[in-house]
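Chemist: Residue numbers (our numbering): 4 to 250. We put the beta carbon where it would ideally sit given N, CA and C, even for glycine. Because the structure is a prediction, the values reported are computed rather than measured.
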Ligand code: 9D3
């Protein structure tokens with residue numbers, strides 16, 4: 004899986020890719036991330052990447068030419084890219100389904116904007132996708148690009164050591180996770196639920212399903228619309244919906 008990231012802050016991207024699961028995947032050659040400094044694709048002495056907006060208004064706009072030159076370099080090295088993703092607050096929300104779609108491709112290019120935005124002709128000419136990571140204001144597309152590489156890389160075979168946890172994330176889920184505990188069995192005056200110490204694996208699985216469903220119902224009821232629930236889970240939901248809260 005090959006990623007090309009175009010940015011004016013390459014060190015910010017490199018720092019974010021150096022650690023953890025993604026850092027190890029790079030070391031092992033499972034993913035290849037090339038970070039391209041947009042300023043390397045300027046033609047002027049001062050490596051200017053921004054300019055004032057036509058029509059006036061606050062802030063600066065990123066010039067089109069450096070992005071076109073960077074994309075020409077990417078195409079020259081890799082051929083026609085399968086996906087070119089513009090990171091933008093005006094994009095569609097990035098979801099796990101997008102991560103899965105990108106992971107099925109061989110190559111993804113990520114274009115990071117800064118300032119008020121990027122000249123619209125860059126999107127028109129190059130972008131196959133325009134995505135936001137959520138409704139909050141960031142300073143640019145670099146953190147969102149790291150988010151996308153992280154989410155996509157986890158779906159590349161071998162990147163996450165324990166394939167079971169990827170499975171649990173992607174498909175048993177659709178629900179929030181159940182609560183986790185480790186030793187000691189009592190800490191800060193709180194005991195670990197007895198069922199987890201019981202060794203009854205069927206009961207443990209049932210408790211975890213119930214906890215996951217309970218939390219989802221309380222915190223993210225929107226997720227229940229598309230969750231696949233068995234008869235017992237539907238019965239739990241009906242009981243909670245009709246009964247007064249107990250805690
Ligand atoms: C005047 C309105 N602002 C748009 C909501 C201007 C603006 C804010 C932030 C323009 C660019 C930015 C920089 N943000 C991103 O480039 C960005 C982003 C984000 O801010 N939130 C969530 N996802 C993303 S993806 C790229």
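Closest to residue 40 by C-alpha separation, out of 17, 28, 27 and 24, would be which residue?
Modeler: 17
Chemist: Where does the unbroken alpha helix (DSSP H) through residue 86 begin, and where does it stop?
Modeler: Taken as a continuous stretch (DSSP letters only), residue 86 belongs to no alpha helix (DSSP H), being part of the beta strand (DSSP E) at 86–96.
Chemist: Pick helix, strand or coil for residue 201, following the three-state DSSP scheme.
Modeler: coil
Chemist: For the pair the region 109–117 and the region 136–146, tell me if three or more CB-CB distances fall below 8 Å.
Modeler: Contact between the region 109–117 and the region 136–146 is present: 3 or more CB-CB pairs across the two stretches fall below 8 Å.
Chemist: I'd like to know if the region 87–94 and the region 125–135 are in contact, where contact means that at least 3 CB-CB pairs between them fall below 8 Å.
Modeler: yes
Chemist: Under 7 Å: does the beta carbon of residue 91 sit that close to some heavy atom of the ligand 9D3?
Modeler: yes
Chemist: For residue 163 and residue 102, what's the separation of their Cα atoms in angstroms?
Modeler: 15 Å
Chemist: Within the chosen definition, does the region 66–76 reach the region 45–57 through at least 3 CB pairs nearer than 8 Å?
Modeler: Yes, they touch.
Chemist: Quick one: what does DSSP say residue 229 is sitting in, helix, strand or coil?
Modeler: coil
Chemist: Per DSSP, what kind of secondary structure is residue 189 in: helix, strand or coil?
Modeler: strand
Chemist: My understanding is that residue 77 touches residue 122, with C-beta atoms under 8 Å, so please give their C-beta distance in whole angstroms.
Modeler: With a Cβ gap of about 18 Å, residue 77 and residue 122 do not count as contacting.
Chemist: Out of curiosity, what's the CA-to-CA distance linking residue 202 and residue 208?
Modeler: 11 Å
Chemist: Is residue 171 closer than 8 Å to residue 25 when the C-beta atoms are compared?
Modeler: no
Chemist: Rounded to the nearest angstrom, what separates residue 179 and residue 45 at their Cα positions?
Modeler: 46 Å
Chemist: Indicate, with yes or no, if the ligand 9D3 has a heavy atom lying under 7 Å from the CB of residue 141.
Modeler: yes
Chemist: Go to residue 114, then tell me how far its beta strand (DSSP E) extends in each direction, as first and last residue.
Modeler: 110–115
Chemist: For residue 226, which residues from the same chain have a beta carbon less than 8 Å from its beta carbon, with the 5 sequence-adjacent residues on both sides left out?
Modeler: 177, 178, 179 and 219
Chemist: With distances taken Cα to Cα, identify the nearest neighbour of residue 86 among 58, 126 and 192.
Modeler: 126
Chemist: Give a yes or no on whether the C-beta atoms belonging to residue 198 and residue 184 are separated by under 8 Å.
Modeler: no
Chemist: Find out if the Cβ-Cβ distance for the pair residue 110, residue 147 is shorter than 8 Å.
Modeler: Annotated as distal: residue 110 and residue 147, with beta-carbon spacing of 8 Å or more.
Chemist: Output needed for residue 174: all residues of its chain with C-beta closer than 7 Å, excluding positions within five of it in sequence on either side, in chain order.
Modeler: Low confidence applies to residue 174: its pLDDT is 44, below 50, so where it sits in the model is not reliable, and the reading given next is rough at best. So no residue of the chain qualifies.
Chemist: What would DSSP say about residue 65, mapped onto helix, strand or coil?
Modeler: strand
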